[in-house]
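According to the working numbering, the sequence shown holds residues 6 to 334 in order.
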Amino acid sequence: MTTTVFSGLKPTGSLHLGNYLGAIRQMIDLQDDPTTACRYAVVDLHSLTVEHDPRRLSELTLELAGLLIACGVDPDRSVLFVQSQVPAHAELAYLMEATVAFGELRRMIQFREKAGAQDRVRAALLTYPALMAADILAYDTDLVTVGEDQCQHLELARTLAHRFNGRYGETFVVPAGVHPAHVARVMDLVDPTRKMGKTSTSSVGVISLLDPPRVVERKIGRATTDGDRVVRYAPDEKPGVSSLLAVLGALTGTHPVPLAESYQSYVALKRDVAAAVIALLEPVQRTYAQIRDDGDLDVVLRDGAGRARQLAGPTLERAHRAIGLAPAA
Ligand code: AMP
Ligand code: TRP
């Protein structure tokens, strides 16, 4: 039995170490499992839910796709594509909007947080979870890999699949979520009480997957620690040191508690964290440069979109029929 896996990443900024340890590494592990069939999308439509720069969006989309390949997503084994190139997503999203209630969307934590911070809220920010449900359900997905911040949206996708099936007859597979087992919410290096994020106000606390080695060394060297100089894993008391230990633990496959015992100083810890991060990024950056130089990323993505259309088409047709729309001749 094959397990169908889906995940989507938004091209809203450069990918960082948190994205790698929190999402991408798991996507690659799942791809490498012989019992899965993975569909990975650069979900560019989701970037339109908040202010965006139209001149940068397509470049960020290509950068994200190229980096996913450089990190190990294999476009032969996984279907890698750009969401907007597969019209079934937006079409199925409309059927999801007709399935979800306004109150359910309005209650989503992410909507409330993001809408509260803006003057003009795009309607697409409210309907975002309907599109996310469509992304997932279009592929008869069994497993969705997402970070914890997306649990509520995933739960809604499951609710909508159940509701649609209950009202209109068995149409969608109800997906389950998988969250990375060991990680590693990677914290901002400057403010270790906040998550490392694409839209952090300052880039000093964020390690981009494209940061050159010198920049990585500098950022980690200046990472916020504390004054007591004892290397100990205690996320609440010592968030900065603990986050460094968590990163090194995730990269070396060691638990941060025993790892802490092998360090006498912050300097030594930082040196090893920097070396491990550089060792991770160096081959990724080399492969990424090659991919962008080759210039056939467009071809790879066009091929992925073609395969995704083939997969999503029948699901959309099934949903149309079930909900009562007249079939196309
Ligand atoms: P985002 O960058 O917020 O679009 O998130 C893309 C994916 O990366 C999601 O699965 C997130 O849960 C994961 N992610 C984002 N930031 C972090 C972080 N600092 N630590 C761990 N995972 C993260
Ligand atoms: N909403 C997700 C995020 O912000 C991205 C996303 C869109 C996604 N569609 C998805 C993730 C489908 C998993 C499955 O990170």
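Even for Gly, the Cβ is constructed at its ideal location relative to N, Cα and C.
Check                                                                                                        : Outcome
Ser12 beta carbon near the ligand TRP (any heavy atom closer than 8 Å)                                       : yes
Any 3 or more C-beta pairs closer than 8 Å across the region 192-205 and the region 157-177                  : no
His260, buried or exposed, once every other Cβ within 10 Å from all chains shown has been counted against 16 : exposed
Selected residue, minimal CA-CA separation from Val149, among Leu256, Arg223, Thr41 and Asp79                : Thr41
C-alpha distance - Val236 paired with Leu253, whole-angstrom precision                                       : 13 Å
Minimum C-alpha distance to Gln157 - residue among Ser267, Ala75 and Tyr133                                  : Tyr133
Closest residue to Asp147 among Arg82, Ile212 and Arg44 (Cα-Cα distance)                                     : Arg44
Inter-residue spacing [alpha-carbon to alpha-carbon] between Ala333 and Val179                               : 26 Å
The region 271-284 in contact with the region 302-309 per 3-pair CB rule at 8 Å                              : no
Gln155: CB within 8 Å of a non-hydrogen atom of the ligand AMP                                               : yes
Top-ranked residue by Cα proximity to Asp34, from Leu214, Gln123, Asp49 and Val78                            : Val78
Any non-hydrogen atom of the ligand AMP closer than 8 Å to Glu113 Cβ                                         : Correcting the residue type first, residue 113 is Met in the shown sequence and not Glu. No, since every heavy atom of the ligand AMP falls outside the 8 Å radius drawn around the Cβ of Met113.
Distance, Met101 Cα to Leu22 Cα                                                                              : 33 Å
Of the residues Arg307, Gln90, Arg312 and Glu242, the one placed nearest Gly232, counting alpha carbons only : Glu242
Contact check, Val4 vs Gly18, beta carbons under 9 Å                                                         : Residue 4 cannot be examined here, being either before or after the span of the chain that is shown, 6 to 334.
Anticipated Cβ contact below 8 Å, Val221 with Val282, distance rounded                                       : 5 Å
Local Cβ density within 10 Å of Pro244, reported as buried at 16 or more and exposed below that              : buried
Residue burial classification, Glu68 (beta-carbon count within 10 angstroms, cutoff 16)                      : buried
Through-space distance from Thr292 to Ser250, alpha-carbon basis                                             : According to the sequence shown, residue 250 is Leu rather than Ser. Rounded to whole angstroms, Leu250 to Thr292 spans 27 Å at the Cα level.
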